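J.: So in the working numbering the end of the sequence shown lands on 213, straight run, no missing numbers.
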Amino acid sequence: MDFEKAREEMIRYQIKGRGIRDKRVLSAMSSIPRDKFVLEGEKDNAYLDCPLPIGMSQTISQPFMVALMTQCLSLKGPETVLEVGTGSGYQAAILSKLAKMVYTIERFNALADRAGKIFKELEIKNVKIIVGDGSKGLEEYSPYDGIIVTAGSPEIPGSLIEQLNEKGRIVIPVGNSFSQDLLLGIKEKGKLKTVNHGGCVFVPLVGKYGW
Ligand code: SAM
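(1) Within 7 Å: the Cβ of residue 109 and any heavy atom of the ligand SAM?
(2) Sort out for me which residues DSSP pairs residue 60 with in a bridge.
(3) Count the other C-beta atoms from every protein chain shown that fall within 10 angstroms of the C-beta of residue 65, then say buried if there are 16 or more, exposed otherwise.
(4) CB-CB under 7 Å to residue 168, same chain, minus the five flanking residues each way: which ones, in chain order?
(5) Which whole-angstrom value is the C-beta distance of residue 143 and residue 83, which I expect to be below 8 Å?
(6) Does DSSP classify residue 193 as helix, strand or coil?
(7) Could you check which residue in 107, 208 and 91 has the C-alpha nearest to that of residue 40?
(8) Could you give the residue range of the alpha helix (DSSP H) that holds residue 31?
(9) Work out the CA separation of residue 118 and residue 182 for me, nearest whole Å.
(10) Can you find a heavy atom of the ligand SAM that lies under 7 Å from the Cβ of residue 174?
(11) Below 7 Å, is the gap between the Cβ of residue 46 and the nearest heavy atom of the ligand SAM?
(12) Can you name the residues that DSSP bridges to residue 182?
(13) For residue 176 and residue 155, which I take to be in contact (beta-carbon distance under 8 Å), what is that distance rounded to the nearest angstrom?
(14) Under 8 Å between the Cβ atoms of residue 161 and residue 211?
(15) Pick from 52, 63 and 100: whose alpha carbon is nearest that of residue 73?
(16) Under 8 Å, do residue 126 and residue 106 count as touching if we go by C-beta distance?
(17) Following a CB-centred definition, is residue 73 positioned closer than 7 Å to any heavy atom of the ligand SAM?
(18) Can you tell me whether residue 64 sits near the ligand SAM, meaning its C-beta is under 7 Å from at least one heavy atom of the ligand?
(19) Could you check where the beta strand (DSSP E) with residue 105 kicks off and where it finishes?
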């Protein structure tokens with residue numbers, strides 16, 4: 003399988019073809035090998051237009067959803083970002099190309115360990131993985147310029163809003179456990195202004211301020 007060609011086609015048809023225009027996002031998605039983040043038996047499916055299983059009943063998100071959520075953060079380079087839901091580590095790897103520092107929190111040890119090994123192999127050094135309940139955020143390294151939650155939540159946890167910088171952005175799927183709306187919130191004068199970027203389906207955010 004020619005992964006480079008598959009990646010180019012993914013960018014052309016699934017990402018640019020659906021309106022993603024941020025050049026830095028396109029470049030990051032061109033440079034990160036998604037095939038490294040999927041399970042051995044899923045390598046040939048790595049660039050398909052869908053989420054894929056990664057073990058522990060969890061998924062690596064659809065490439066377009068990764069691109070859309072990343073574009074929503076409007077990263078320019080100097081930012082500190084928190085990701086809730088490390089999963090395979092693919093989204094964090096994309097963020098590592100676009101921000102100064104990425105903290106990513108995962109509730110399953112096994113997934114955090116696997117992602118850590120892939121970051122080592124790819125020599126990604128500006129991502130720190132933490133195991134814990136990300137619905138509470140990660141106060142230790144806050145405030146963040148961007149927060150991305152890659153699991154569906156019943157609401158936007160107040161803890162995450164508190165840990166966001168003024169003018170910071172949070173992107174999060176909000177809804178019930180079967181379907182959500184992708185919300186982008188921008189913090190202005192301590193309050194969040196939200197825009198709805200349409201329907202999506204994520205595995206649930208399980209934790210104190212999730213399900
Ligand atoms: N961003 C991931 C990637 O690039 O592969 C995909 C994430 S997957 C759709 C959702 C992840 O969120 C799962 O790995 C799940 O274990 C994790 N998760 C769910 N609730 C969580 C919580 N409260 N804290 C941290 N991780 C959580």
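Each residue gets a CB set at the ideal place from its N, CA and C atoms; glycine is no exception. Here the structure is a predicted model, which is why all the values come from computation and not from measurement.
T.: Reading from the atomic positions:
(1) yes
(2) 57
(3) buried
(4) 189
(5) Contact doesn't hold; Cβ gap of about 10 Å is too wide.
(6) strand
(7) 91
(8) 25 to 33
(9) 29 Å
(10) no
(11) no
(12) 177 and 202
(13) 6 Å
(14) yes
(15) 100
(16) no
(17) no
(18) no
(19) 103 to 108
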